[in-house]
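This report concerns only the one structure given below.
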Amino acid sequence: MRPADHSKKRPESSADLGWVLDLCDRGIAGCRRRDPVEVGDVLMALTGTLNFEYKKAALGLASLYARCLLKVKRRQFGLPLRVLEVLRTACLAASAGRRRGRR
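With the numbering used here applied, the sequence shown has no gaps in its numbers, which climb one by one up to 282 at the end.
Given below as structure tokens:
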């Protein structure tokens, strides 16, 4: 089975934000289980969501995700867990902001 190509996927809609939240949940669970394959897959998928029209932010996140991948390869899950938890919190806040904006 080939991995999905997420390079064209950008979390710009509510549905995409939900997809990123799902990735975060999978990654957090993978960190807690100490599953390097699951966490690595999630980090690669998240890297594929980056929008390089916002070059500085995207490069910063890509670098952070790459660092997390190196940690996971060493079976060190502390940093990836923290990054995924913070990303999840930010997505939830963005989602709540969008709902408030629709009223």
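Just so you know, even glycine gets a beta-carbon here, dropped at the ideal spot from N, CA and C.
- The residue among Gly-257, Lys-250, Val-218 with its C-alpha nearest the C-alpha of Arg-205 is Val-218.
- At the C-beta level, Leu-225 and Leu-202 come within 8 Å of one another.
- In its chain, beyond the 5 residues on either side, Cys-203 have a beta carbon closer than 7 Å to the beta carbon of Leu-266.
- Per the C-alpha coordinates, the member of Tyr-244, Thr-268, Leu-229 positioned closest to Leu-258 is Tyr-244.
- DSSP, reduced to helix, strand and coil, places Leu-238 within a helical segment of the structure shown.
- Straight-line spacing of the CA atoms in Leu-240 and Ala-275 works out to 22 Å.
- The three-state reading of DSSP puts Leu-229 in coil, since its state is none of H, G, I, E or B.
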